[in-house]
Amino acid sequence: MFFSKKQDPIQIDGYQSYGTKNHLYLIGRALEHEGVDLKKKGVLAAFKNAYKQFATDELRHTKLKVTLPDGAVFYTTTDAEGYFKIDEQVHGLDKMTNSEGWLQLTVSFDDVKKDVVLMGENKFAIEMLIPSENASYGVISDIDDTILHTGVASLLKWRVIVNTLFKDVGRRTSLEGAPSLYQKLHRGTSEADANPMFYVSNSPWNLYNYLESFVRNQNFPKGPILLRDFRGPFEKTPKPEKPHKQHEIRNILNTYPDLKFVLIGDSGEHDVDIYLEVAKEYPEQILAVYLRSVKHKKKVMRVKSVLAQYETTPAVLVEKSSFAEEHARSIGLIA
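Under UniProt numbering, the letters of the sequence shown match residues 1 to 335, in that order.
Here's what the structure looks like:
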């Protein structure tokens, strides 16, 4: 039993995750509903939504129940920040997925006081991706300035701040040709494959719903969106040994050792170093590395210099999506 300090309705955000036919892995967060409405348009609405996404009231140490399509039930408890995780060995999960490999479950509060207002009648959707054994390869893509105009290469990252705080999700634009390229990679050479897609970003989990809406609205293939914990300016916990994106990419590769992958990033941050280090470590799994060129002369020159000395895996700097598409077709990734 838990007690809500305010009269705000409570909800569970289930994040799209990934697992295997014998491994159930789910993550999400229980919190009070702050009135975030991503369908609202305008600068003021965007700013209010951005504020509310970070000013969260989490539900700590709260018992939750996860129900599988076959009726099996698992229980978990949220941590001090409202996050929860299910990490269980369960056989035969692939028999309950749809044609795209998605296992669709529900998560609910296990015990609620009568005077607490619930969103969604205490049934919240959560999904886990299990790549088909017939998938030709997978795609691991960065988000910022790779599929979404963000501005990470701008001075003091001022464009990131403006775009995040003052642009509603409906006004955020994808890079030209990116949705079409990703759909073709998702469909593969047969044009009917269901090659799994994974999106990684250094953005905090607070922006999950915002980014998931962007991916859906811009017609990118559906895939797990892997973010990080929000670290405040006075956070005392030690930083992880490896960058978040590098850690997530390794986890994906280790989860599916028999599946090959395409890595897609940009030339603005540290993607070239992260991706090429991963490609050297997993040479048998990486088919190609694409790095989208950003409008920053020095960064682009550095990336060109690094790529000129790299020979392990096909790795190219991409000016336009059409160039990446031509290259992907030339090495047999798409029709």
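For glycine and all other residues, C-beta sits at the position ideal for the given N, C-alpha and C.
Pair within 8 Å by beta-carbon distance, residue i and residue j
i: V200; j: I249; result: yes
i: Y275; j: G138; result: no
i: V73; j: L24; result: no
i: S267; j: V300; result: yes
i: T78; j: T62; result: yes
i: L259; j: S293; result: no
i: M128; j: Y208; result: no
i: D115; j: K21; result: no
i: L26; j: K85; result: yes
Integer Cβ distance of residue i from residue j, believed to fall under 8 Å
i: V66; j: L118; result: That pair is no contact at about 16 Å.
i: G265; j: L291; result: 5 Å
i: Y75; j: D110; result: 7 Å
i: L68; j: V107; result: Contact flag wrong, Cβ pair sits at about 11 Å.
i: V262; j: A288; result: 5 Å
i: T313; j: I334; result: Not a contact, Cβ separation roughly 18 Å.
i: I143; j: L211; result: 6 Å
i: Q218; j: S174; result: 4 Å
i: G223; j: M197; result: 3 Å
i: E281; j: K184; result: 28 Å between Cβ atoms; not a contact.
i: S136; j: D193; result: 6 Å
Minimum C-alpha distance to residue i - residue among the options
i: G28; options: I286, D13, S136, N251; result: D13
i: A315; options: V306, P9, L181; result: V306
i: N195; options: N134, A178, H244, S108; result: N134
i: D8; options: N206, G19, A30; result: A30
i: E100; options: P221, T189, A335; result: P221
i: K113; options: A335, E34, E191, I10; result: I10
i: H186; options: I140, N209, S213; result: I140
i: residue 354; options: E319, K85, M96, R329; result: Because the chain in this structure spans residues 1 to 335, residue 354 falls outside the shown range and cannot be described.
i: K245; options: R216, E277, N217; result: E277
i: S189; options: V272, S17, H33, A328; result: A small fix is needed here, since residue 189 is Thr in this sequence, not Ser. Here the closest residue by C-alpha is A328.
i: A125; options: R302, A308, Q16; result: Q16
i: R302; options: S330, E319, H270, E311; result: H270
i: E319; options: N251, L253, A192, T146; result: T146
i: G120; options: H149, K40, H33; result: H33
i: K39; options: K298, D273, F214; result: F214
i: N254; options: A308, P243, E311, E284; result: E284
i: Y310; options: S330, R216, T150, D273; result: D273
i: L103; options: S132, A80, E81; result: S132
i: L148; options: N206, R216, H247; result: R216
i: E81; options: N206, F323, K298; result: N206
DSSP beta-bridge partners of residue i
i: Y18; result: L129
i: L148; result: D144, S174
i: Y83; result: R29
i: P204; result: R228
i: R292; result: D266, V318
i: M119; result: Paired residues: none, contrary to the question.
i: Y199; result: S141, I225
i: F261; result: G138, I286
i: L24; result: E88
i: L103; result: M128
i: V112; result: Looking at the DSSP assignment, V112 forms no beta bridge with any residue, so it has no partner.
i: Q11; result: L31
i: Y75; result: K65
i: E58; result: L31
| At a cut of 8 Å, does the segment 216–231 reach the segment 193–208 through at least three beta carbon pairs? | In short, these stretches touch, since the Cβ pair count reaches three.
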